[in-house]
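As given, the protein sequences belong to chains F and W, one line each in that order. For the first sequence, this note's numbering gives the first residue as 1, with consecutive numbering after it. For the second sequence, this note's numbering gives the first residue as 176, with consecutive numbering after it. C-beta: ideal position from N, C-alpha, C; glycine also. From a predicted model like this one, the values you see are computed outputs, not experimental measurements.
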Amino acid sequence: METLELFVRIGIYTLMALVLVFALGVVTLRNLFHCALCLAAVLIGTAMLYVGLRADFLAAVQILIYVGAVMTLVIFVIMLTEHLGEKSIRQNNRQSPAAVISLSGIVVLLAALLLRTPWPVTDKALQAKASVMALGKALMGTYAFPFEVISVILIACLIGAIAIAKKDLPGEDVS
Amino acid sequence: MKEIEFFVDLIFVNAKGWCLDLLGHFLPDWTVVLVSIIISAVVIMVLGPLVMMYLTLLERKVIGRIQNRYGPNRVGKWGLLQPIADGIKMFTKEDIVPAQADKIIHFLAPVIIVIPALMVFLVVPFGERMTAVNLNIGLLYFIAVSSITTIPIFMGSWASRNKYSLLGGMRTAAQMISYEVPMTLSVVPVIMMSQSLSTNTIVMTQAGDMDLHWFVFTPWGLVGFVIFFLCAVAECNRPPFDLPEAESELVAGFHTEYSGMKFALFYMAEYMNAFTLCGIATTLFLGGWQGPLFPSWLWFFGKTFLLICVMIWFRGTFPRFRVDQLMGFAWKFLLPLTLINIPVAALWFFVPEQLAWIYSVPILAVSLWGLVKLNRSFVPEKRIYPLAD
Chain F
1 METLELFVRI GIYTLMALVL VFALGVVTLR NLFHCALCLA AVLIGTAMLY
51 VGLRADFLAA VQILIYVGAV MTLVIFVIML TEHLGEKSIR QNNRQSPAAV
101 ISLSGIVVLL AALLLRTPWP VTDKALQAKA SVMALGKALM GTYAFPFEVI
151 SVILIACLIG AIAIAKKDLP GEDVS
Chain W
176 MKEIEFFVDL IFVNAKGWCL DLLGHFLPDW TVVLVSIIIS AVVIMVLGPL
226 VMMYLTLLER KVIGRIQNRY GPNRVGKWGL LQPIADGIKM FTKEDIVPAQ
276 ADKIIHFLAP VIIVIPALMV FLVVPFGERM TAVNLNIGLL YFIAVSSITT
326 IPIFMGSWAS RNKYSLLGGM RTAAQMISYE VPMTLSVVPV IMMSQSLSTN
376 TIVMTQAGDM DLHWFVFTPW GLVGFVIFFL CAVAECNRPP FDLPEAESEL
426 VAGFHTEYSG MKFALFYMAE YMNAFTLCGI ATTLFLGGWQ GPLFPSWLWF
476 FGKTFLLICV MIWFRGTFPR FRVDQLMGFA WKFLLPLTLI NIPVAALWFF
526 VPEQLAWIYS VPILAVSLWG LVKLNRSFVP EKRIYPLAD
């Protein structure tokens, strides 16, 4: 069994490396459509990492929402603005230095937090299996209020989108 | 008698177990695990293309009969070798790539589209103990993986640098996103009843006496099944929902610029999707491999091919939708009906059976009638063309 474990380990590290490569592709590639595809690859890779961490449900939801819905939307927008896909557009502007400084600040902060947090590995945590049923009960019981708040926000977004996209009636003032 | 039945039922499972036992004598433990995975993978990778090959033949035969002609009958007895001849033709055809195309993505699209189509085979329960991987989120896995299919279609349509391809890609996106919503929601009652996302457990809960306790025999199950099946037809872009590749408007839609083996891969993914979607519809509503007398895998394949024949029958009879009708059908008709279906299923769960029939049939009938009334298209006496002047 040790040999198998070794294979799994190598596989996971290769996957991580691939995700990083694609993530670099998202920010460095010139063609917007290629960037979007790289982003899709990153998201799928992340989902596979979740599978490696035995969070199957999270992985499935990640693919369903990010790859199935959000990425499709992103690519749709790119297709609607076809000329952006053709030209290689400029990748930096005057705000780049400021962005680099603030981002490195965030990276340092996150790294410090990650290093300081003790990550307790207990037997109980290792045995815990996030079942879908437990998740559903938590959403409907303990976390019912935040769940409902999010639903209300989403409904508001939907209604807002419809209100904006609504065709103006002939007599209506467009301004 | 019972023993023979049991033996036939598990014949494939036993064959695999016997192979592994044999290998276990002279190989280390970890290789046996690997071999077990490899056997399942190889079976699926052979089954997918094989199913696709003979689906094309079945489709051409049935469509031929519907249109009052014979269909392919020259290669082999009853044309049985026709798919192999087709395969040879596809392999030897010239592979044409448009000069302006984005070469890498143009190449990757047909390769990638086959991957999710094969991956969903993993959770389809082909028979008793014949699920390749018994995931406890099987159904969610199926929905998630099959939702990836839009991206390779997009890649193919964008990379071809062709107006028809691009239009086809746009239509695919709109259609697949729209029909995914009612499809996912129509599955919810099944999950509520079986209290599980595992495809195996869902089949198990439909056992009952005579193994005929299928979900389709309940009002919510019937409505859910019809909605799921219609959405499945739309998801694999088959007529009458084949707007992404409508040949009378868009040449061939997203695969206009593909030829030879790349085209065959698109075709293969489409047919494998049709098969898996029918298989999942069988699993969810038609009791999967449950059924009296015959072995379980025979029941599964029988039901699945029956559904596929219905798909072919649709193709032979119905004219294609218009784009606005297509969208309206998903959002204004199927979606509200699924939303009504979910509380009806909840009612079914809590109320004793006879009472539940009395409640749920009128609710569903009235809502169906109301939706049909509300969706009646409005034709004004004098047509107004706001953009004409």
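Work out the CA separation of residue j and residue i for me, nearest whole Å.
| i | j | result |
| --- | --- | --- |
| Leu-209(W) | Ile-78(F) | 42 Å |
| Gly-491(W) | Asp-261(W) | 22 Å |
| Thr-380(W) | Arg-346(W) | 38 Å |
| Val-237(W) | Gly-136(F) | 45 Å |
| Gly-344(W) | Val-100(F) | 37 Å |
| Val-408(W) | Leu-473(W) | 23 Å |
| Lys-278(W) | Phe-400(W) | 42 Å |
| Leu-501(W) | Leu-405(W) | 11 Å |
| Ile-153(F) | Ile-263(W) | 56 Å |
| Ile-366(W) | Leu-360(W) | 10 Å |
| Asp-204(W) | Ala-521(W) | 47 Å |
| Ile-155(F) | Phe-329(W) | 29 Å |
| Thr-457(W) | Leu-115(F) | 51 Å |
| Leu-20(F) | Ile-106(F) | 18 Å |
| Phe-480(W) | Cys-411(W) | 16 Å |
| Leu-440(W) | Ala-349(W) | 23 Å |
| Met-358(W) | Arg-30(F) | 37 Å |
Go to residue i, then tell me how far its alpha helix (DSSP H) extends in each direction, as first and last residue.
| i | result |
| --- | --- |
| Ile-150(F) | 144 to 165 |
| Ala-138(F) | 132 to 140 |
| Val-485(W) | 471 to 492 |
| Phe-33(F) | 32 to 52 |
| Val-19(F) | 2 to 28 |
| Gly-428(W) | Here Gly-428(W) belongs to no alpha helix (DSSP H), and DSSP marks it neither H nor E. |
| Asp-56(F) | 56 to 62 |
| Trp-532(W) | 528 to 549 |
| Phe-76(F) | 71 to 80 |
| Val-519(W) | 510 to 525 |
| Pro-97(F) | 96 to 116 |
| Trp-395(W) | 394 to 410 |
| Asn-375(W) | 374 to 379 |
Quick check on residue i: does DSSP put it in helix, strand or coil?
| i | result |
| --- | --- |
| Ser-321(W) | helix |
| His-200(W) | coil |
| Gln-500(W) | helix |
| His-388(W) | coil |
| Gln-465(W) | coil |
| Val-299(W) | coil |
| Phe-282(W) | helix |
| Ile-259(W) | helix |
| Asp-305(W) | The amino acid occupying residue 305(W) in the given sequence is Met; Asp does not appear at that position. The answer is coil: DSSP assigns Met-305(W) none of H, G, I, E or B. |
| Phe-416(W) | coil |
| Gln-350(W) | helix |
| Ser-175(F) | A caution first: Ser-175(F) carries a pLDDT of 47, below 50, which makes its placement in the model unreliable, though a value can still be read off. Correct three-state label for Ser-175(F): coil. |
| Ile-559(W) | coil |
| Trp-119(F) | coil |
| Glu-269(W) | coil |
| Ala-216(W) | helix |
| Val-554(W) | coil |
Within the same chain, show all residues whose beta-carbon is closer than 6 Å to that of residue i, passing over the 5 residues directly before and after it, in chain order.
| i | result |
| --- | --- |
| Arg-235(W) | Gly-246, Pro-247 |
| Arg-304(W) | Val-188 |
| Pro-394(W) | Ser-535, Val-536, Leu-539 |
| Lys-437(W) | Pro-285 |
| Gln-257(W) | Leu-232, Pro-247, Val-250 |
| Gly-52(F) | Ile-12 |
| Lys-565(W) | Residue 565(W) falls outside the range modelled here, since chain W spans only 176 to 564, and no answer is possible. |
| Gly-462(W) | Gln-381, Trp-389 |
| Val-226(W) | Phe-450 |
Excluding the 5 residues preceding and the 5 following residue i in the sequence, name in chain order all residues of the same chain whose CB lies nearer than 7 Å to its CB.
| i | result |
| --- | --- |
| Leu-310(W) | Val-298, Tyr-316, Ser-373 |
| Ile-312(W) | Leu-372 |
| Leu-58(F) | Tyr-50 |
Could you tell me if the beta carbon of residue i falls within a distance shorter than 6 Å of some heavy atom in the ligand ZN?
| i | result |
| --- | --- |
| Ala-274(W) | With respect to small molecules bound, the structure shown includes none, and the ligand ZN cannot be examined in it. |
Return the chain-ordered list of same chain residues with a C-beta closer than 8 Å to the C-beta of residue i, the five sequence neighbours on each side being excluded.
| i | result |
| --- | --- |
| Pro-511(W) | Ser-542, Leu-546 |
| Leu-15(F) | Gly-45, Met-48, Leu-49, Gly-52 |
Name, please, each residue of chain B whose Cβ falls closer than 8 Å to the Cβ of residue i.
| i | result |
| --- | --- |
| Leu-64(F) | Here the protein chains are F and W, and chain B is not one of them. |
Contact list for the segment 315 to 330 of chain W against chain F, Cβ threshold 8 Å: Leu-315, Tyr-316, Ile-318, Ala-319, Val-320, Ser-322, Ile-323, Thr-325, Ile-326, Phe-329, Met-330
Residues within the segment 330 to 351 of chain W neighbouring chain F, beta-carbon criterion of under 9 Å: Met-330, Ser-332, Trp-333, Ala-334, Leu-341, Gly-344, Met-345, Ala-348, Ala-349, Met-351
Interfacial residues, the segment 66 to 79 of chain F to chain W, with Cβ spacing under 9 Å: Val-67, Gly-68, Ala-69, Met-71, Thr-72, Leu-73, Ile-75, Phe-76, Ile-78, Met-79
Residues within the segment 187 to 213 of chain W neighbouring chain F, beta-carbon criterion of under 7 Å: Asp-204, Trp-205, Val-208
Residues of the segment 124 to 155 of chain F with Cβ closer than 7 Å to any Cβ of chain W, in chain order: Val-132
Residues within the segment 355 to 382 of chain W neighbouring chain F, beta-carbon criterion of under 8 Å: Glu-355, Gln-370, Leu-372
Cβ-based contacts, 7 Å cut-off: residues of the segment 440 to 470 of chain W near chain F: none
Chain W contacts from the segment 37 to 58 of chain F (Cβ-Cβ distance under 9 Å): Leu-37, Ala-40, Ile-44, Ala-47, Asp-56, Phe-57
Cβ-based contacts, 8 Å cut-off: residues of the segment 302 to 316 of chain W near chain F: Leu-310, Asn-311, Ile-312, Leu-315, Tyr-316
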